[in-house]
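**Q** Sequence order for the protein chains is A and B.
Just so we're aligned: 55 in the numbering used here is position 55 of the first sequence, and the numbers increase by one with no gaps anywhere.
Just so we're aligned: 1226 in the numbering used here is position 226 of the second sequence, and the numbers increase by one with no gaps anywhere.
This is the structure I have questions about; it appears just below.
Protein chains: 2
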Amino acid sequence: MKIFQTVGEVQSFSSSIQQSGLRLALIPTMGALHEGHLRLVDEAHRYAEKVMVSIFVNPTQFGPNEDFSRYPRTLEADLAALSERGVSGVFTPSVGEMYPPNDQTWVRVEGLDTHLCGPFRPGHFQGVTTVVARLFLACRPHVAVFGLKDAQQFLILRRMVRDLHFGIEMVGMATVREPDGLAMSSRNRYLNEVDRKKASVISKAVFLGRGLIAGGEQDPATVENAMREVMESAGGVSVQYAEVVDTEQLQRPVQLQPETDYLVAVAAYIGQTRLIDNQFVSVRNL
Amino acid sequence: MKIFQTVGEVQSFSSSIQQSGLRLALIPTMGALHEGHLRLVDEAHRYAEKVMVSIFVNPTQFGPNEDFSRYPRTLEADLAALSERGVSGVFTPSVGEMYPPNDQTWVRVEGLDTHLCGPFRPGHFQGVTTVVARLFLACRPHVAVFGLKDAQQFLILRRMVRDLHFGIEMVGMATVREPDGLAMSSRNRYLNEVDRKKASVISKAVFLGRGLIAGGEQDPATVENAMREVMESAGGVSVQYAEVVDTEQLQRPVQLQPETDYLVAVAAYIGQTRLIDNQFVSVRNL
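Structure representation (structure tokens):
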């Protein structure tokens, strides 16, 4: 497994793969890898002969009061796990490598970032699209694999790839969960024992929301209130949003229609830790 | 010479060039080609075995009161001239091909677009960076060649390429001029005979500005006023700006320093036609 720290190195590596006619998959991560990430690696092997993982805690997607500085960094363990899973290359650039001096260039997908997490994390998705565009141009993969726990992120990135003609196949993989349903997340390690137990209400809420819609509920507010109540019933859980949106523009429908794709999504604080989760209802376009 | 109308076609063409180990140069244009464009083709042949030209009148870089609808379109003559100049491929996408339905993705280089033409053409440079990013991703060239008449555009695009890690060599070529000094431009055909004669004051102004700085003038306002006076002396010429800026951030210096690169740039209306011109002073970084 090769480790690259500069854009030049990783572009050379990618070129040599292209020239030998092999396909390359990229999994962009912020490190602190858990089993969910490693399953993305397994999935990526199904799409490409060579799998590359980037590990970069991207400052531009954190707000000033968010957890950039204390975000978990576990590089040594990450590299060991990736090597075991058959990864060919890991790209671990510095901030200065990804964002050169006087850097002034942004990539933004407008509109989709005004819903769900967008209003609560101003600038977050612009940071995500900007860094992923750079990672794509540095690593030049044929296919990129993402976890759908960050569903809004995936839909925004997929739109970016389509609009800008990146020519990269975008694969979204179902969220990997703990036995009690909690979506795996690097941020779960922030939870103390009591909060960790409470955290299962987050997934309970989205499964309930999905079930209500699958069962024919037509009023989005009914679904949203039910999800909110499940989370608030735990005590000490502060709900940021609980929403039903369409999967194209991420807008709240007035009334739910049959045979239509929806996303139920929630965000909540458990103590100081912000967690998100979601479920697609009748996923056909992913 | 092959002609491509879809992103898929041009990506296949580019892939086959990459796989055969040849270099590809791209010259993005809006058509209505003149000798200045054709010299870019000649230059491009020095950098790459295969030269591709895109012809796309990009709606997102025109303001609502600008000349998008009447911008000259001369596709047949353009193709004949390019074929004669040894071009391998021409990419002439439709607006719908470049901007798919529900398109919401923008690329923006902040800061550099707030100077010179920026304030007079809100959204213009965002349209330019957005379309050129797409053209680069569709055509995947090793090198791109631009005319320096659009100096601000070139500096912004070069920054974009660096910041996003496009890995494309950016070549800027000196402006090709008519015998009286007028910079060649597709918009020159808007000029009637009287205005065409007056138009030479635009280039006289920038050559004067360049000469004053080369001669040791330290006060940018003196240079700017001199350029403005030359243009206004013609009568019927309405100056939009006449400025001296640094070549890194495009900001007006308080005082001109020796051994420093500057750009003198002007924009003026001659009748209804807006023309621009510029000169670099001691170009070392281009």
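In this text, a Cβ means the ideal position worked out from N, Cα and C, and glycines have one as well.
Using the three-state DSSP reduction, which class does residue 136 of chain A fall into: helix, strand or coil?
**A** Note: residue 136 of chain A maps to helix in three-state DSSP.
**Q** Does the beta-carbon of residue 1093 of chain B have 16 or more other beta-carbons within 10 angstroms, so that it is buried, or is it exposed?
**A** buried
**Q** Taking 8 Å as the CB-CB limit, is residue 1107 of chain B close to chain A?
**A** By this cut-off, residue 1107 of chain B is an interface position.
**Q** By alpha-carbon positions, which one of A:225, A:186, A:158, A:240 ends up nearest to residue 249 of chain A?
**A** Considering only alpha carbons, the answer is A:158.
**Q** Cα separation between residue 1285 of chain B and residue 134 of chain A?
**A** Any reading at residue 1285 of chain B must be qualified, since the residue scores a pLDDT of 42, below 50, and its modelled position is unreliable; no value is offered.
**Q** List the residues of chain A whose Cβ lies closer than 8 Å to the Cβ of residue 1137 of chain B, in chain order.
**A** 164, 165, 166, 167
**Q** Work out the CA separation of residue 1165 of chain B and residue 138 of chain A for me, nearest whole Å.
**A** Those two C-alpha atoms are separated by around 6 Å.
**Q** So, is the C-beta of residue 1160 of chain B closer than 8 Å to a C-beta in chain A?
**A** Residue contact with chain A for residue 1160 of chain B: present (Cβ-Cβ distance below 8 Å to some residue of chain A).
**Q** Whole beta strand (DSSP E) runs in the stretch 49-114 of chain A with 3 or more residues, listed along the chain?
**A** 50-55, 89-91, 105-109
**Q** Looking at residue 1245 of chain B and residue 1266 of chain B, is the spacing between their C-beta atoms short of 8 Å?
**A** no
**Q** Check whether chain A comes within 8 Å of residue 1100 of chain B, counting only Cβ atoms and requiring the distance to be less than that.
**A** yes
**Q** Just the C-alpha distance for residue 1004 of chain B and residue 1083 of chain B, rounded to the nearest angstrom, thanks.
**A** 14 Å
**Q** Excluding the five sequence neighbours on either side, which residues of its own chain have a C-beta within less than 7 Å of the C-beta of residue 1029 of chain B, listed in chain order?
**A** 1037, 1053, 1054, 1055
**Q** Contact between the stretch 1168-1180 of chain B and the stretch 1037-1046 of chain B is defined here as three or more beta-carbon pairs at a separation below 8 Å; is this criterion met?
**A** yes
**Q** If we count the other Cβ atoms within 10 Å of its Cβ and call it buried at 16 or more, is residue 1146 of chain B buried or exposed?
**A** Result: buried.
**Q** The stretch 1130-1156 of chain B: which residues have C-beta closer than 7 Å to a C-beta of chain A, in chain order?
**A** 1133, 1134, 1137, 1138
**Q** Just tell me which of A:69, A:110, A:154 has its CA closest to the CA of residue 27 of chain A.
**A** A:154
**Q** Should residue 1285 of chain B be flagged as near chain A, meaning a C-beta pair shorter than 8 Å?
**A** Per-residue confidence for residue 1285 of chain B stands at a pLDDT of 42, beneath the threshold of 50, marking its modelled position as unreliable; the derived number appears in the next sentence. So no, residue 1285 of chain B is outside the interface.
**Q** Tell me the start and end of each unbroken alpha helix (DSSP H) in the stretch 148-176 of chain A that is at least 4 residues and wholly inside, in chain order.
**A** 151-164
**Q** Apart from the five residues just before and just after residue 1224 of chain B, which ones in its own chain have a Cβ nearer than 7 Å to its Cβ?
**A** 1242, 1243, 1244
**Q** Any beta-carbon of chain A closer than 8 Å to the one on residue 1211 of chain B?
**A** no
**Q** Leaving out five residues on either side along the sequence, give the residues of the same chain with a beta carbon under 7 Å from the beta carbon of residue 129 of chain A.
**A** 107, 108, 109, 156, 157, 160
**Q** Suppose contacts are defined by Cβ-Cβ distances below 8 Å. Is residue 1061 of chain B in contact with residue 1131 of chain B by that definition?
**A** yes
**Q** Could you tell me which residues DSSP puts in a beta bridge with residue 1245 of chain B?
**A** Bridge partners of residue 1245 of chain B: B:1263.
**Q** For residue 1189 of chain B, does the count of other Cβ atoms within 10 angstroms reach 16, so buried, or fall short, so exposed?
**A** Exposed.
**Q** Please list, in chain order, the residues of the stretch 247-267 of chain A that have any C-beta partner in chain B closer than 8 Å.
**A** So the close ones are 248, 249.
**Q** Any idea if residue 221 of chain A is buried or exposed, counting beta-carbon neighbours within 10 angstroms, 16 or more meaning buried?
**A** Residue 221 of chain A should be labelled exposed.
**Q** Please classify residue 1258 of chain B as buried or exposed, where buried requires at least 16 other C-beta atoms within 10 Å of its C-beta.
**A** exposed
**Q** By DSSP, does residue 1285 of chain B sit in helix, in strand, or in coil?
**A** Model confidence at residue 1285 of chain B stands at a pLDDT of 42, short of 50, so the residue's coordinates are unreliable; what they give is reported in the following sentence. Note: residue 1285 of chain B maps to coil in three-state DSSP.
**Q** Please classify residue 1192 of chain B: is it buried, with 16 or more other beta-carbons within 10 angstroms of its beta-carbon, or exposed?
**A** The residue in question, residue 1192 of chain B, is exposed, as its Cβ has fewer than 16 Cβ neighbours within 10 Å.
**Q** Let's see if you can read the secondary structure: which residues bound the alpha helix (DSSP H) around residue 1220 of chain B?
**A** 1220-1232
**Q** Please state if the CB of residue 1276 of chain B and the CB of residue 1237 of chain B are separated by a distance shorter than 8 Å.
**A** no
**Q** Give the single residue among A:196, A:182, A:151, A:256 whose Cα lies nearest to the Cα of residue 213 of chain A.
**A** Of the candidates A:196, A:182, A:151, A:256, the one whose C-alpha sits nearest the C-alpha of residue 213 of chain A is A:256.
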